[in-house]
Structures are given as structure tokens and as C-alpha cells.
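Numbering (my numbering), first residue to last: 1 to 709. Where is the CB? At the ideal position from N, CA and C, for every residue including glycine. A quick note: this is a predicted structure, and the numbers were derived from the prediction, not measured. Right, one structure below, let's go through it.
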């Protein structure tokens with residue numbers, strides 16, 4: 001990590017540039033990034049211009065390391081939440097004056113980095129020797145949130161969500177025992193459907209306590225078992241019943257996004273007995289002396305004895321989960337008893353002999369392995385899982401062991417066509433079911449057809465039906481200037497508080513909906529791309545083009561933040577595109593795009609579009625003439641791609657007064673046909689005008705042909 005000679009003057013220049021811009025500058029790709037500006041002042045050498053296998057050039061990589069020296073010296077601040085914003089610190093300004101030449105400044109930065117690194121290694125080694133460390137950032141977030149329940153709840157007897165409020169108290173516990181715990185024979189199919197009756201006798205404080213205990217129970221659940229939406233649905237249902245609802249704190253919401261371990265589907269589904277244990281725990285908490293409470297919070301074994309003494313369902317998995325959220329620095333995140341025993345028996349040799357307590361054994365085993373591996377231990381990882389799974393004290397395979405958190409994720413049950421969506425779209429449920437089957441199987445479809453056939457309306461309706469709610473869908477419209485940065489992710493100009501223009505990495509609609517889908521694998525999400533053929537698809541999709549066909553394969557992104565930043569399209573994300581055939585652009589689609597999507601035709605002469613207008617008119621008890629005239633019109637149009645769809649003739653029913661048909665025909669339909677016949681000298685009014693078509697209907701007799709079955 002030594003600085004090169006070229007980096008010595010550039011290191012100083014970075015601080016100088018930041019000193020000139022107190023609002024900060026962004027380190028971003030392109031010619032306006034701070035590193036690029038520094039390199040412009042001190043040009044790259046021939047050696048530094050060499051390309052690296054990982055991408056970029058050697059000089060950029062070296063300068064990146066040099067900036068870390070400045071950061072660890074305390075002279076440079078990098079904001080990870082702003083995707084590359086750098087600012088100089090007061091210490092950095094002092095360093096510019098204290099070390100007037102480039103070399104002395106760079107050497108001091110390197111010296112301070114080395115000291116930081118030494119202290120960091122010592123601190124890390126001490127943690128690995130003395131405590132179970134978090135395996136990843138999401139577990140760290142869960143631990144931070146769990147600490148709030150220990151401090152604000154058990155220690156201070158206040159409120160986790162609303163600090164300063166007295167909620168964890170005897171009267172509220174008694175109310176929960178009476179109205180929630182004892183309410184075991186409440187009608188309903190699941191936790192949420194029963195909840196209204198169970199909340200009936202609780203005041204706001206009682207409801208808030210129940211919401212906090214419910215959150216405590218859900219906190220460590222990994223998203224593969226229960227996604228963020230499902231967790232929040234339970235908690236928000238309780239909070240919404242309060243006269244004066246409170247918000248879930250941000251740090252707790254962040255912790256609910258990913259989770260730590262899969263608790264097993266029984267524990268996910270049996271919410272009432274699980275939360276009842278938490279109520280009983282709090283009831284027992286008020287039965288011990290305050291000094292004993294302090295000891296229980298401080299000593300892990302005392303916490304274990306206390307949770308074991310709590311009355312109620314034995315529920316070992318839930319009680320093991322309570323051990324973890326109470327003291328995650330001591331108790332492992334393994335919650336099934338069978339898995340705990342198998343891991344202990346397999347790795348007991350690491351500590352010589354058993355202490356007589358399985359959790360103490362596991363704690364000591366983890367400490368030994370952490371030191372050996374120089375990092376955290378995940379017994380469900382590919383490294384450790386094969387070493388213990390299948391062995392339980394030599395008695396054979398562990399059939400009831402839980403899957404690792406990396407188990408494949410499945411979306412929620414895919415919906416069937418219903419009478420509601422059939423009535424809404426005025427289309428046969430058989431056709432709708434066929435399309436739902438296609439979307440479920442292919443995940444990517446395009447509805448194509450002439451103007452006015454309802455492609456976008458149907459796409460949005462199907463999306464809402466599949467996702468369960470419109471707020472779990474995204475709609476984008478492609479056009480010639482639409483780009484990868486608009487669609488997925490890119491740097492966008494942002495004005496700072498001081499009025500300066502800078503750039504931030506912003507997520508587009510695809511990235512946003514993918515993140516929601518990944519966090520909530522038990523739900524479906526739908527992205528609707530309107531007029532997909534109008535965009536430059538290779539430019540918009542970029543490297544994501546590959547994922548449309550190979551969803552399970554991770555790829556590196558154009559703006560990947562680090563070497564581990566891989567991306568994949570989740571299986572519970574569905575894409576519905578629409579395409580207008582009147583501009584012939586469908587013929588320009590390459591074979592790769594055709595292979596990645598299934599195509600569903602929506603044409604005025606074919607089902608399901610053929611009878612939509614007639615069904616709509618009947619439903620609203622309107623005259624059938626518009627459907628008859630549309631049929632007559634389309635018979636006269638020679639090119640099938642220019643035939644007119646029924647949507648033009650389906651305004652708000654209350655607005656369909658006698659003069660509205662003439663207005664639609666004159667200002668919407670005839671201009672469309674004028675464009676079709678441009679340069680041909682066709683008298684549009686004479687051929688397609690209302691009077692001409694009414695006469696044709698009268699002469700030929702078309703009314704019977706358009707009536708829906």
C-alpha cells in the first residue's frame with residue numbers, strides 16, 4: 001500500500017481541492033471526479049497507465065489507496081451513505097499548514113495509517129478472542145436494534161419506539177395477559193386476521209407494548225423466512241389501531257430489512273404463542289429484584305436461566321432466539337436445538353471437553369474458530385455446513401435442521417384470474433388466466449398491438465393483480481433519450497446546502513424495485529415498461545441484458561461500489577412491457593430481445609380485444625353504436641397494424657353524452673388515420689367519417705357481428 005512518487009503530490013492536491021470546496025467533492029467515474037482532477041494536475045506516468053485485470057488503471061488504484069491514508073490519518077472524511085462524497089476535516093486543514101512539502105505530508109499520512117492499522121488489528125484480535133462478532137452488516141444492524149430493547153425496554157422500563165414514555169410496566173403487561181395471551185380461541189385464519197379482536201381491550205400504551213414485543217420477536221428473522229413487508233405488516237397493524245400512532249424508529253426499520261437467521265416456518269407462522277412468551281418474560285421480569293435484573297442483563301448465563309424459567313409454552317426455538325437477541329455477543333444465532341447439539345458435538349475437539357453447558361461450549365468453540373479463521377464464523381456457510389450437517393451425536397442425519405440463510409428464495413403463491421379482474425378489464429377470465437400462467441413461467445412478457453388496444457391499462461391491471469397492490473409495482477416509459485442511468489443507476493446532479501453543484505449516485509426504478517423484491521421474497525413485484533420498443537434497449541439495459549435470460553447468475557454492475565457488489569434479478573420480480581406496432585419498430589427488435597420475452601398480441605380483430613368495447617358498453621348500459629362503428633372502421637383499414645383499438649371510445653361513462661362520440665371521432669380517430677394515409681390523397685372524412693360509416697353499417701348490416709357472447 002505504499003504511495004508511489006506520483007501519488008505523493010496528488011495526495012496533497014486532494015486535500016487542497018477539498019479545502020477549496022468546503023461543501024465536499026465526489027469521487028466518481030468520469031472527468032469531473034476528484035481523483036481525476038488530481039490526476040489532471042499531475043499526469044499519470046506510463047507505468048500508472050497500465051490496465052489492471054479488475055478494470056481501471058494502476059494509477060487510479062494506487063491513488064485510491066493513498067486516499068485511505070488521508071482518511072485514516074483523520075484528514076479526509078468519506079461519506080459511505082452519499083456514494084462517494086469526500087470532505088476535508090479541520091485536522092486536514094491543519095496538516096496542510098503543518099506539513100508544507102508533499103513528501104512530509106504523505107509520509108505522515110502513511111505513518112498515521114500504520115498506527116491506525118496496528119490498533120485496528122489489536123482491537124479486532126481482542127474481539128475475536130473475547131466475544132462472538134457479527135458476521136455481516138445486516139447482523140450488526142440487528143444487534144444494534146436488539147440493544148435498544150435491552151436498554152430502553154428491560155433496563156429503563158420505558159418505550160423502545162417512543163423514548164421517555166412509560167410502556168414496559170406492570171399494568172400494560174397485565175392488560176396483555178388478559179386481552180392478548182388469554183385470547184387463544186379467536187376467529188381468524190392467521191395472526192393479522194385475529195389481531196383486531198385481541199386489540200379490543202387495550203389502550204394506546206398496551207398496543208404500543210404489544211407492537212414493540214412483536215418487533216422484538218421478528219427482529220432476527222432472515223428475509224428468506226419473512227420479508228420486510230410481512231414483518232412491518234404485523235407491527236404496523238397494531239400501531240395503526242392506536243388513537244395516536246407512533247413511528248417505528250429508523251434503526252429498527254433498517255434492522256428488519258434483512259435479518260440474521262431462518263427460524264423455521266413453524267415459528268414464523270405461530271405468532272401468538274411466540275409473542276405470548278415475550279409477554280410472560282416481561283411478566284416474570286417484574287417478579288425479580290431490580291439488583292437481580294441488573295445481573296440478568298450483565299451475565300449471559302443469568303439471562304439464560306431467566307429465559308428458561310419463564311412460564312408458558314416450552315417453544316425451544318423461540319427461547320433460543322430470545323437468548324440471541326438478549327446477548328448476541330455470547331449466544332450463537334443457531335436456534336434449533338438439534339443444530340446446536342450437532343455443531344457442538346462436531347467441533348467439541350476445538351476446546352477439549354464439554355463444560356456441561358451447550359451454550360458455553362458453543363461460545364468457546366466460536367472463539368477458538370474465530371481466532372483460527374481471523375474473522376467471524378458462520379456455521380451455515382459452505383465452509384462449515386458440510387462438516388456438521390447430517391451428524392447429531394452420531395445418531396444419523398439431522399432431518400429437522402433448518403436451511404442456511406442462503407437457501408433459494410421463493411415468491412408468494414402466484415394469483416389466479418378472478419371475476420374482479422375479469423370485470424375490470426371486460427375480458428374473459430380464461431384468456432387472463434392464460435396470460436398469468438405465461439407471466440409466472442416466463443417472468444418477462446410484452447403486450448403488443450395497434451394504438452388504443454389497452455396494452456398499458458391491461459399491463460398495469462395485471463401488475464397490480466400479481467403484486468397484490470399498485471404500490472408494489474413500478475411504471476416507466478422508454479423513449480429515445482432514456483438511458484441506463486435513468487433506468488437502473490447513475491450519477492445525477494445535486495445542489496448542496498451551500499448552492500454548489502455536485503453529483504450523487506441515484507437508483508432508478510429497476511434498482512429500487514429489485515431491492516424491495518430481494519427484501520420481501522414471499523411477495524411478488526412487477527415492473528411495467530411502457531413503449532419498450534421506443535428506447536435503445538442495449539443502451540438502457542447494458543450488462544442487465546444478460547440477466548433477463550440468466551436470472552440466477554450474478555454480475556458486476558457498471559457502478560459497483562466494491563469487488564463484492566454483485567447483482568442478480570430475483571425470481572419474484574416480473575416484467576411486463578408494452579409495444580405499439582403502428583410504427584413498425586417491433587420488426588427492428590433483435591433476436592436476443594425476442595428470446596428474452598414472450599410476446600402477447602392485443603389486436604382489435606382478435607380476442608380478448610375484439611369484444612371489449614361491446615362488453616364495456618353493456619356494463620354501463622350504453623348504446624351499442626360505438627362498437628358497431630369501430631368494427632366497420634377497422635374493416636376499411638387495410639393494414640392490420642393501423643387498425644384502431646377500443647380504448648379511444650371508452651371515456652368515463654358519465655362523459656359519454658350524445659356529442660362525445662362525434663368529438664372523439666373528429667379529434668382522436670380521424671387524425672390517426674390521416675397520418676396513416678399521409679401523401680396518398682385519400683379523403684379521410686369521406687371514407688372514415690361518422691356519416692359514411694353509419695351509412696355503411698346500414699347498407700351492409702354489421703350489428704350482429706360485434707356483439708359479445
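Looking at the strands, I want to know which residues DSSP matches up with residue i.
i           : result
residue 15  : Paired residue(s): none; residue 15 is not in a bridge.
residue 51  : 57
residue 489 : 507
residue 598 : 445
residue 577 : 446, 529
residue 555 : 567
residue 25  : 86
With a cut-off of 8 angstroms on the beta carbons, I'd call residue i and residue j a contact; round off their distance for me.
i           : j           : result
residue 139 : residue 260 : 5 angstroms
residue 517 : residue 573 : 4 angstroms
residue 227 : residue 522 : 5 angstroms
residue 340 : residue 358 : 6 angstroms
residue 644 : residue 452 : 6 angstroms
residue 218 : residue 229 : Wrong, their Cβ atoms sit about 12 angstroms apart, outside the cutoff.
residue 282 : residue 458 : So it is not a contact: roughly 52 angstroms between Cβ atoms.
residue 18  : residue 87  : 6 angstroms
residue 221 : residue 249 : About 18 angstroms separates the two Cβ atoms, so there is no contact after all.
For the alpha helix (DSSP H) containing residue i, name the first residue and the last one.
i           : result
residue 144 : 137-148
residue 525 : Note, residue 525: premise wrong, no alpha helix (DSSP H); beta strand (DSSP E) at 525-530.
residue 365 : 358-373
residue 326 : 316-326
residue 616 : 612-619
residue 346 : 337-347
residue 116 : 102-130
residue 309 : 300-309
residue 682 : Counting along the chain, residue 682 falls outside any alpha helix (DSSP H), and DSSP gives it neither H nor E.
residue 541 : 537-541
residue 334 : Counting along the chain, residue 334 falls outside any alpha helix (DSSP H), and DSSP gives it neither H nor E.
residue 386 : 385-388
residue 676 : 670-676
residue 662 : 660-664
residue 690 : 690-700
residue 40  : 34-41
Output the boundary residues of the beta strand (DSSP E) element that contains residue i.
i           : result
residue 711 : Residue 711 falls outside the range modelled here, since the chain spans only 1 to 709, and no answer is possible.
residue 176 : Careful: residue 176 lies outside any beta strand (DSSP E), inside the alpha helix (DSSP H) at 170-176.
residue 85  : 85-88
residue 476 : 473-477
Does any residue of chain B have a CB that is nearer than 8 angstroms to the CB of residue i?
i           : result
residue 436 : The chain labelled as chain B is not found in the depicted structure, where only one protein chain is given.
Taking the runs of the beta strand (DSSP E) that are 3 residues or longer, which of them lie wholly in the segment 623-657?
none
Check whether the segment 287-296 touches the segment 243-254, taking contact to mean three or more Cβ pairs, one atom from each stretch, closer than 8 angstroms.
no
Output the residue ranges of the beta strand (DSSP E) runs that lie fully inside the segment 416-461 and measure 3 residues or longer, sorted by chain position.
444-449
Would you call the segment 143-163 in contact with the segment 93-101, where contact means no fewer than 3 C-beta pairs closer than 8 angstroms?
no
Quick test of the definition: if touching needs 3 or more C-beta pairs under 8 angstroms, does the segment 122-129 touch the segment 289-302?
no
Which residue spans inside the segment 215-295 form an unbroken alpha helix (DSSP H) run of at least 4?
228-240, 250-256, 265-269, 271-285
With contact counted as at least three CB pairs below 8 angstroms, one residue from each stretch, are the segment 464-476 and the segment 616-629 in contact?
no
Count the CB pairs spanning the segment 545-553 and the segment 418-432 that are closer than 8 angstroms, and state whether there are at least three.
no
How do the segment 531-540 and the segment 549-558 stand: do at least 3 beta-carbon pairs fall below 8 angstroms, yes or no?
no
Could you tell me whether the segment 666-681 touches the segment 485-493, where touching means 3 or more Cβ pairs closer than 8 angstroms?
no
With a cut-off of 8 angstroms, do at least 3 Cβ pairs link the segment 263-274 to the segment 341-349?
no
Stretch-stretch touch, CB-based, cutoff 8 angstroms, three pairs: the segment 426-446 with the segment 506-517:
no
Validate contact between the segment 353-371 and the segment 309-319 using beta carbons, cut 8 angstroms, 3 pairs
no
Would the segment 439-450 and the segment 591-603 be scored as touching if the rule is three or more Cβ pairs under 8 angstroms?
yes
Using 8 angstroms as the Cβ pair cut-off and three pairs as the minimum, do the segment 318-329 and the segment 373-388 touch?
no
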